[in-house]
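**Student:** Quick one: this structure, given as C-alpha cells, is what I'll be asking you about.
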Amino acid sequence: MLEVRRSDVEYPDVEIVMKINGELKKVKVKPYERLIDVLRNKLGLTSVKEGCGRGECGACVVIMDNRPVPSCLVLAVRANGKSILTLEGLAPEGKIHAIQKALIDVHALQCGFCFPGVIMMSKHLLDNNPDPSEEEIREALDGNLCRCGSYLRFVKAVKLASKYLREGKTYFDESEVLR
Amino acid sequence: MALINILKISTVYSRVSLTFRFNVYIPKDLNDALRALKVEGEGLLPIAGGTDLLVLYRQGLVKFNKLLDLWPLRNSLSYVRFEGGYVKIGALTTVSELLDSRIYMDKRFLGFKDACSGFASPFIRSIATVGGNVGAAHPLSDIAILLLAYDANVKLASLDGERLVPLREFFIDKRKTLRKPDELIVELSFKEPPTNSSTSLIKLDRRVGHSMGYVIVSTYLELIDDIVKDVRIVFDSMGKPYPERAYKTEEYLRGKTLSEDVVKEASESILPNEMRRITDYRSSAEYRVELSKVLLKRALFKTKERILGGA
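Heads up: the sequence lines are chains A and B, in that order.
In short: position in the first sequence from 1, add 2, done, that's the working numbering.
In short: position in the second sequence from 1, add 89, done, that's the working numbering.
Here's what the structure looks like:
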C-alpha cells in the first residue's frame, strides 16, 4: 500500500526565467516542482520523459548550461537563469538533426521512450568530441537504459551521426527522411 | 467492480503525486544560508545535488517541509585549489567539474580519475557534488572513500565560526555524521602528497554503468625504493555501515618491501581478521570478504605501478 502523505499547505509561486531552446520564458513554479514537471506540464515540452523519477534511467535528460542533467532530480527553482535544451530545440521546424537521422538509418527505433535522453546524451558527447571511439560512446551512454535493448544500434548510430556532422550535414529535411 | 478498483487506484496515485510538497529557501550567500540554518535548526535540510535526498524523499525514507538550496552558493564553493601545501576542494564542486579540472594529470592524484569516471552515470555526475557525497555518509560513496585515502579534513562552517574535522572521524553511523544541524560542509582539504606517491580506487560490480560496487577499495602508497613509507587502505565498510580504514593491515605493510609475499600475507591473513562484512540482497558476506582480499592486492599493485610508471 502506498503511503499517502497529505499536506494541506500550499506554497506560493516563484517566478523563474529560463532560456528554453533559445527562447526566454517566464514561468511561475511551485518550490516543490521538479524541472521535468515544469517542462512537461507548464511548457508542453513532452519530449522529456519520466521513466524512473530517480535518476537511474536517463529518459528525462536535458542539457542545462552545456551539461546533461536528469530533469527529474533538478528542482525547477534551480533552473532560474539557466539555458535549457530539450529534444524540441535540437533542429529547426521541418528539419531533423543528424543524430536523429542516424538513429533512423540504423533502425534503432523500437518503442522510442528512451530516445529523448539518448539523443541529448549523444548531442552532448558529439559537441565535446566530434569523433568518439566505440569505448567513449559506450561510456557516454552507459546511464541510459533502453528496455528494447537497442544499445548496439545506439553505438552504430552515434558513429554514423559523427560522420554526418564531420561532413557538415547537421540537419536533414524531415520530408526526405520520413517517407 | 473492476472499474471501481481502477478508479480507487488512480485517486491514490494522484494524491501521492500532489503530496510531494515542500518549500525551498534560496540563500543570497553563504552567510545568509548559515543564518537560515541557525534560525530554522533541524527543520531546514540543506540540499546540494539532490541525487540522494530527492530519491530518499520519494521513497518516503526522509521527511521534510523545508529545503535550503545550496546551488546558488556554487559561485564561491566550487573549486579545486592548491594552497599552502594543501589541496582544497570546494564542497559544491560537481563530480564532472572535478574530472574536468584534470587534477589526475598529476600521478599523485590518479585516484580521482578512477573515482570520478566510475561514478554513477554521466548525467548524475553533472549534479552530484563532492560535499554531498561526503555528507550523505553512505558506505558506497566513491569520492568520500578516495578522500579518506588522502586523509582529508572536512571544513564545517556555522555562524559561530569554522572547524576542521578529520574525515576518518566524521562518520558516526549510516547517514549520520558529526555535522550539527546548523553547520554546512564548505570544503574538503588534504595535505599535498609527496612526489613518490599515488592512489587508486577499484570498484567491482556486474556492470560498469550506474554501479554501486559490491566492494570498493582505495589505496594510497608512498614508496621509497620499493619500501612502504606510508600507506592508507580504505574500504567501503570494515564492519560498520560507513567507509573506514583498515588500520591493522596498514600497520603491517608500513616499513616493508612491497613484494608479492608481503601483499599476499597482508590481504589473506591480516585483512580478514579485522574486517566484518554483512550479507544483503546484493552479495553475501563471504563473497565480499573474498572480493576484498583480491581487490586489495590489485589496488596495491596498481598504485605501485602508477608510482613507478610516472604516468
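Glycine included, every Cβ here is placed at the ideal spot set by N, Cα and C.
Cβ of residue 81/B less than 7 Å from any chain A Cβ?
**Tutor:** There is simply no residue 81/B to check, as chain B begins at 90 and stops at 400 in what is shown.
**Student:** Residue 77/A versus chain B: which residues are under 9 Å apart at the beta carbon?
**Tutor:** By one-based count along the first sequence, residue 77/A stands at place 75. Correct list: 113, 136, 139, 143, 156, 158 and 160.
**Student:** Specify the secondary structure class of residue 262/B as computed by DSSP and reduced to three states.
**Tutor:** Residue mapping note: residue 262/B aligns to position 173 of the second sequence, counting from 1. Three-state result, residue 262/B: strand.
**Student:** I'd like to know whether the C-beta of residue 57/A is nearer than 7 Å to at least one C-beta of chain B.
**Tutor:** As a working note, residue 57/A is residue 55 in the first sequence. It does; some Cβ of chain B falls within 7 Å.
**Student:** Under 8 Å Cβ to Cβ from residue 214/B, same chain only, skipping five residues before and after it: list those, please.
**Tutor:** Along the second sequence, read from residue 1 onward, the residue named residue 214/B stands at position 125. Excluding residues within five positions, the ones whose Cβ falls inside 8 Å are 183, 184, 185, 188, 205 and 208.
**Student:** Assign residue 165/B to one of two classes, buried (16 or more other C-beta atoms within 10 Å of its C-beta) or exposed (fewer than that).
**Tutor:** For the purposes of this step, residue 165/B is identified with residue 76 of the second sequence, where counting begins at 1. Its Cβ having fewer than 16 others within 10 Å, residue 165/B is exposed.
**Student:** Taking Cβ-Cβ distances shorter than 9 Å, what residues in chain B pair up with residue 153/A?
**Tutor:** Residue numbering aside, residue 153/A sits at position 151 when the first sequence is read from its first letter. In chain order: nothing, as chain B lies at least about 10 Å away.
**Student:** Identify, in the order they occur along the chain, each residue of the same chain with its Cβ nearer than 8 Å to the Cβ of residue 52/A, setting aside the five sequence neighbours on each side.
**Tutor:** Position 50 of the first sequence, counted from the start, is the residue given in the question as residue 52/A. So the list reads 38, 42, 61, 62 and 74, once near-sequence residues are dropped.
**Student:** Where does residue 123/A fall in DSSP's three states?
**Tutor:** Looking up residue 123/A in the first sequence gives position 121. In the structure shown, residue 123/A sits in a helix (DSSP, three-state: H, G or I).
**Student:** Compute the Euclidean distance between the alpha carbons of residue 322/B and residue 154/B, then round it to the nearest angstrom.
**Tutor:** Locating residue 322/B in the second sequence gives position 233, where the first residue counts as 1. Locating residue 154/B in the second sequence gives position 65, where the first residue counts as 1. Distance between the alpha carbons of residue 322/B and residue 154/B: 40 Å.
**Student:** Can you name the start and end residues of the beta strand (DSSP E) that residue 172/B belongs to?
**Tutor:** By one-based count along the second sequence, residue 172/B stands at place 83. 169 to 172 is the extent of the beta strand (DSSP E) around residue 172/B.
**Student:** Contact between the segment 216 to 227 of chain B and the segment 267 to 277 of chain B: three or more CB pairs below 8 Å?
**Tutor:** Yes: the two stretches touch, three or more of their Cβ pairs being nearer than 8 Å.
**Student:** When the cut-off is 7 Å and only beta carbons count, does residue 1/A lie next to chain B?
**Tutor:** In this structure chain A extends from 3 to 181, so residue 1/A is not present and cannot be described.
**Student:** Here's the rule I'm using: 16 or more other beta-carbon atoms within 10 Å means buried, otherwise exposed. How should residue 113/A be labelled?
**Tutor:** Locating residue 113/A in the first sequence gives position 111, counting from the first residue. Label assigned to residue 113/A: exposed.
**Student:** With a Cβ-Cβ cutoff of 7 Å, do residue 234/B and residue 300/B count as a contact?
**Tutor:** On the second sequence, position 145 is the one that residue 234/B refers to. On the second sequence, position 211 is the one that residue 300/B refers to. No, they are not a contact pair.
**Student:** Just checking: is the beta-carbon of residue 142/A within a distance shorter than 7 Å of some beta-carbon in chain B?
**Tutor:** The residue you call residue 142/A lines up with position 140 of the first sequence. Yes, residue 142/A counts as interfacial toward chain B.
**Student:** Taking buried to mean at least 16 other C-beta atoms within 10 Å of its own C-beta, is residue 95/B buried or exposed?
**Tutor:** Stepping through the second sequence from its first residue, residue 95/B is reached at position 6. Residue placement at residue 95/B cannot be trusted, given a pLDDT of 47 that sits under 50; the coordinates are not used to answer.
**Student:** Closest by CA to residue 105/A, which one among 31/A, 166/A and 23/A?
**Tutor:** For the purposes of this step, residue 105/A is taken as the residue at position 103 of the first sequence. The shortest C-alpha separation from residue 105/A is found at 166/A.
**Student:** Spell out a yes or no on whether the segment 85 to 100 of chain A and the segment 146 to 156 of chain A are touching, meaning 3 or more CB-CB pairs, one atom from each, closer than 8 Å.
**Tutor:** At 8 Å Cβ cutoff, the stretches do not touch.
**Student:** Name, going along the chain, the residues of the segment 283 to 306 of chain B whose beta-carbon falls closer than 7 Å to a beta-carbon of chain A.
**Tutor:** Hits within the stretch, in order: 297, 298 and 299.
**Student:** Kindly list, in the order they appear in chain D, the residues whose Cβ is closer than 8 Å to that of residue 123/A.
**Tutor:** No chain D is present in this structure, whose protein chains are A and B.
**Student:** So if I threshold CB-CB distances at 8 Å, which residues from the segment 188 to 222 of chain B count as touching chain A?
**Tutor:** Result list: 206, 209, 210, 211, 212, 213, 215 and 216.
**Student:** Just to confirm the assignment: which complete beta strand (DSSP E) runs, minimum length 3, are found wholly within the segment 85 to 114 of chain A?
**Tutor:** Counting only runs of 3 or more, we get 85 to 87 and 97 to 99.
**Student:** For residue 326/B, tell me which candidate among 143/B, 378/B and 136/B has the shortest Cα-Cα distance.
**Tutor:** In the second sequence, counting from the first residue as 1, residue 326/B sits at position 237. Among 143/B, 378/B and 136/B, the Cα nearest to that of residue 326/B is on 378/B.
**Student:** Going by DSSP in three states, residue 42/A sits in which element: helix, strand or coil?
**Tutor:** As a first step, residue 42/A is located in the first sequence; it is residue number 40 there, counting from the start. Reduced to three states, the DSSP call for residue 42/A is helix.
**Student:** Just reading off the beta strand (DSSP E) that residue 22/A is part of, what are its end residues?
**Tutor:** Counted from its first residue, the first sequence places residue 22/A at position 20. Unbroken beta strand (DSSP E) run through residue 22/A: 16 to 22.
**Student:** Would you report the Cα separation of residue 181/B and residue 297/B, rounded to the nearest angstrom?
**Tutor:** Translated into positions along the second sequence, residue 181/B becomes position 92. Translated into positions along the second sequence, residue 297/B becomes position 208. Approximately 25 Å between the Cα atoms of the pair.
**Student:** Just the Cα atoms here: how many angstroms apart are residue 170/B and residue 163/B?
**Tutor:** Within the second sequence, residue 170/B is the residue found at index 81, counting from 1. Within the second sequence, residue 163/B is the residue found at index 74, counting from 1. Answer to the nearest angstrom: the Cα atoms are 15 Å apart.
**Student:** Work out the CA separation of residue 59/A and residue 335/B for me, nearest whole Å.
**Tutor:** Your numbering for residue 335/B matches position 246 in the second sequence. Your numbering for residue 59/A matches position 57 in the first sequence. Looking at the two C-alpha atoms, the distance is approximately 35 Å.
**Student:** If you drop the 5 nearest sequence neighbours on each side, which residues of the same chain put their C-beta closer than 6 Å to that of residue 44/A?
**Tutor:** Numbered from its first residue, the first sequence carries residue 44/A at position 42. Only 29 meet the Cβ criterion.
**Student:** Using CA coordinates, which residue listed in 366/B, 279/B, 251/B and 345/B is at the minimum distance from residue 172/B?
**Tutor:** Indexing the second sequence from 1 puts residue 172/B at position 83. Of 366/B, 279/B, 251/B and 345/B, the residue nearest in Cα terms is 279/B.
**Student:** Nearest-angstrom Cα distance between residue 124/A and residue 115/A?
**Tutor:** If you number the first sequence from 1, residue 124/A lands on position 122. If you number the first sequence from 1, residue 115/A lands on position 113. In a straight line, the C-alpha of residue 124/A is about 15 Å away from that of residue 115/A.
**Student:** Quick one: which chain B residues come within Cβ less than 8 Å of residue 145/A?
**Tutor:** One-based indexing of the first sequence puts residue 145/A at position 143. What residue 145/A touches in chain B: 209, 210, 211, 212, 213, 298 and 299.
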